[in-house]
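I have placed the structure first, in the form of structure tokens, so that the comments after it can refer back to it.
Chains as they are written, first to last, in the numbering used here: chain A, 9 to 137; chain B, 530 to 813; chain C, 16 to 232.
Okay, structure coming up:
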């Protein structure tokens with residue numbers, strides 16, 4: 009499975025796994041009902057604790073994206089791509105709201121915020137392809 | 530439960546061991562500590578080699594005093610300072626293992642011996658450290674053991690050899706999810722990529738226990754100036770250590786500081802730093 | 016126990032050069048010592064007993080016992096195997112020595128009865144060597160074990176002189192009938208000595224098991 013872990017990121021590893029699997033589902037790299045590697049297999053591949061993998065799988069199951077059958081492993085559930093996309097957008101919107109509220113709390117001017125935003129956009133979005 | 534250590538006590542002239550620990554099926558548990566902290570003593574007690582002065586140890590649900598060869602069939606062991614006699618050869622060791630273990634896997638053993646390029650007919654005392662370590666692990670993995678007890682199995686090895694051994698352990702766990710491992714090391718980076726649970730032992734006592742995921746995702750290291758230390762929120766502070774620039778802090782919720790005190794230098798914690806802070810740092 | 020036996024046999028095998036030297040030495044002694052060809056019959060069985068004790072030394076070397084007891088064996092089995100091996104080695108080396116002597120006797124005729132007696136009488140001695148040395152080495156380690164053995168060996172040498180003097184002075188008339196029947200039937204005498212040594216052997220084994228059970232590895 010094509011999952012790449014950034015070990016020195018502040019983002020918890022299980023979250024990175026969840027995000028990448030979600031992105032994979034969105035992009036169509038997973039088939040419906042496709043079997044995911046066992047917890048130990050993925051732990052071996054990524055060289056991480058099995059608990060972390062389990063945490064990721066549990067989170068995905070809670071969001072209704074995968075199904076774990078005891079003794080048989082986990083597999084991708086039939087999914088609604090559009091719904092998933094909508095969920096992730098909502099997530100970004102919420103973070104954006106939080107951010108702007110904080111900027112307001114710190115009495116940042118609108119112009120400053122837009123400036124910062126543009127700079128960040130350039131750094132993160134425009135510098136890659 | 531595979532292993533339960535409950536306030537196991539052992540008195541020596543230099544120090545006293547008093548520790549508790551658990552290993553559940555399917556877990557990889559790591560034990561970290563300085564040399565002489567009590568790691569090997571814990572292992573000796575767990576294997577019935579030494580007698581407890583107090584407390585209980587249960588292995589596969591049976592008190593350690595009732596340890597018999599039936600239970601030992603299910604164990605795969607690597608000790609830090611003891612192995613087969615150096616005059617034996619791999620060929621003779623294979624014959625011995627075949628006679629001793631009902632579930633010995635000769636094909637697996639031979640394949641791995643060949644893969645590691647270990648000479649079959651040479652006395653093992655002529656082997657290099659790396660070869661000896663690989664052979665010891667191989668022996669432990671050769672009979673479908675349910676519980677591996679490994680005391681410093683990668684000691685003295687280079688990074689490549691260590692990774693080979695760790696990978697063998699990962700594959701071993703992959704084959705049967707009910708297997709468990711108890712492994713001690715002072716190479717923390719090895720344990721980070723392997724263990725589910727970690728116990729820290731110092732001067733005979735368990736000073737810390739957590740699962741690896743929490744350590745890597747929640748714990749953090751803050752490097753602060755004295756003035757920053759004055760004003761910072763200390764609710765998540767676990768340990769503090771003085772440095773030339775000010776203080777180093779171990780916190781158990783780095784996300785809080787990343788969000789609310791972004792001017793502070795925050796780093797991910799790892800086993801090494803966690804260990805150092807717990808042994809050398811002070812509580813807040 | 017089978018695994019332990021294989022281990023010990025492999026360890027003895029690894030001492031090829033020593034074994035070969037013993038055989039060569041024995042042949043040399045036979046061929047060049049015309050006065051007492053039965054000497055090796057007294058010598059080799061003791062080597063046999065020592066070989067078994069040697070496997071204990073090997074096990075104790077570099078904390079090896081620790082690892083051994085993580086294998087599926089228990090302490091009783093360990094002792095049983097060592098004592099069993101000792102008996103086996105003693106019998107084999109006695110047979111081997113006797114065989115060698117008989118082969119060389121083709122060139123110089125030998126009193127086979129005397130040979131048989133010598134063989135039978137050395138077995139109890141070898142058994143007692145094992146019975147005495149094993150628990151000592153088990154308890155005190157191989158260096159101390161060897162030292163103790165040396166001391167005892169010398170002590171026996173010194174004492175045997177004193178003991179035989181004692182016997183000359185003691186009035187043994189009480190034992191007269193016993194001694195009489197033994198003198199008439201030396202085979203009976205030897206067999207009872209053998210039985211006695213086996214008793215000592217058994218007691219030593221029981222004692223060794225207790226020593227090992229108490230021992231911290």
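Where is the CB? At the ideal position from N, CA and C, for every residue including glycine.
### Query
Are the segment 770-790 of chain B and the segment 675-692 of chain B touching by the rule of at least three beta carbon pairs closer than 8 Å?
no
### chain B contact residues for residue 79 of chain C, given Cβ-Cβ distances below 7 Å
611, 614
### Query
Measuring CB to CB, does residue 603 of chain B end up less than 8 Å from residue 544 of chain B?
no
### Query
In its own chain, which residues sit with a C-beta less than 6 Å from the C-beta of residue 73 of chain C, not counting the 5 before and 5 after it?
26
### Message
Taking its Cβ as the centre, do 16 or more other Cβ atoms sit within 10 Å of residue 779 of chain B, making it buried, or is it exposed?
### Response
buried
### Query
Is residue 688 of chain B near the ligand SAM, going by C-beta to nearest heavy atom under 7 Å?
With respect to small molecules bound, the structure shown includes none, and the ligand SAM cannot be examined in it.
### Start and end residues, alpha helix (DSSP H) containing residue 719 of chain B
717-721
### Query
What are the residues of the segment 646-669 of chain B that lie near chain C, defined by any Cβ-Cβ distance shorter than 8 Å?
652
### Query
Quick one, which of B/701, B/790, B/631 has its alpha-carbon nearest residue 758 of chain B's?
B/790
### Message
Quick check on residue 778 of chain B - is its C-beta less than 8 Å from some C-beta in chain A?
### Response
no
### Query
By a C-beta neighbour count over all protein chains shown, 10 Å radius and 16 as the cutoff for buried, is residue 534 of chain B buried or exposed?
buried
### Task
Could you name the residues that DSSP lists as bridge partners for residue 110 of chain A?
DSSP output for residue 110 of chain A lists no bridge partner at all.
### Query
Of the residues that make up the segment 11-23 of chain A, which ones have a beta carbon closer than 7 Å to any beta carbon in chain B?
16, 18, 20, 21, 22
### For residue 513 of chain B, the three-state DSSP class (helix, strand or coil)
In the structure as shown, chain B begins at 530 and stops at 813. Residue 513 of chain B is therefore absent and cannot be evaluated.
#### Entry: Sufficient close CB pairs (3 or more, under 8 Å) joining the segment 590-600 of chain B to the segment 647-664 of chain B
no
### Task
Tell me, please, whether the CB atom of residue 58 of chain A is closer than 8 Å to any CB atom in chain B?
yes
### Query
When you compare each of A/16, A/22, A/31, A/41 to residue 95 of chain A by their alpha carbons, which one comes out closest?
A/31
### Message
Strictly under 8 Å for the Cβ-Cβ distance: is residue 112 of chain A near chain B by that measure?
### Response
no
### Query
What residues in its chain sit with their C-beta under 7 Å from that of residue 148 of chain C, if we drop five residues either side in the sequence?
68, 160, 164
### Message
Could you give the first and the last residue of the continuous alpha helix (DSSP H) run that contains residue 222 of chain C?
### Response
201-229
### Task
Could you check the C-alpha separation between residue 90 of chain C and residue 150 of chain C for me, to the nearest Å?
13 Å
### Length at least 4, wholly inside the segment 672-719 of chain B: the alpha helix (DSSP H) runs in chain order
688-704
### Task
Give the DSSP-derived three-state secondary structure of residue 177 of chain C in the structure shown.
helix
### Task
Return the residue from the list B/557, B/788, B/589, B/706 that minimises the CA-CA distance to residue 18 of chain A.
B/788
### Query
Can you tell me where the beta strand (DSSP E) with residue 82 of chain A in it begins and where it stops?
81-84
#### Entry: Residue-chain proximity (residue 80 of chain A, chain B), Cβ-Cβ < 8 Å
no
### Query
In the segment 572-595 of chain B, which residues sit with their C-beta less than 9 Å from some C-beta in chain C, listed in chain order?
573, 576, 577, 578, 579, 580
### Query
How is the beta strand (DSSP E) around residue 536 of chain B delimited, first residue to last?
532-540
### Query
Using a beta-carbon distance cut-off of less than 8 Å, what residues from the segment 699-714 of chain B approach chain A?
699, 700, 702, 703, 706
### Task
On the DSSP bridge assignment, give the partners of residue 766 of chain B in chain order.
B/780
### Query
Distance, Cα to Cα, residue 808 of chain B vs residue 548 of chain B?
16 Å
### Task
Would you mind working out which of B/537, B/612, B/580 sits nearest residue 78 of chain C, comparing C-alpha positions?
B/612
### Query
So the beta strand (DSSP E) residue 75 of chain A belongs to, where does it begin and stop?
74-77
### Task
Kindly list the residues whose CB is nearer than 8 Å to the CB of residue 222 of chain C, restricted to its own chain and excluding five residues on each side of it in sequence; keep chain order.
150
### Message
Please report the distance separating the alpha-carbon of residue 92 of chain C from that of residue 625 of chain B.
### Response
15 Å
### Query
If you count every other CB in all the chains shown that lies within 10 Å of the CB of residue 539 of chain B, and 16 or more means buried, which is it?
buried
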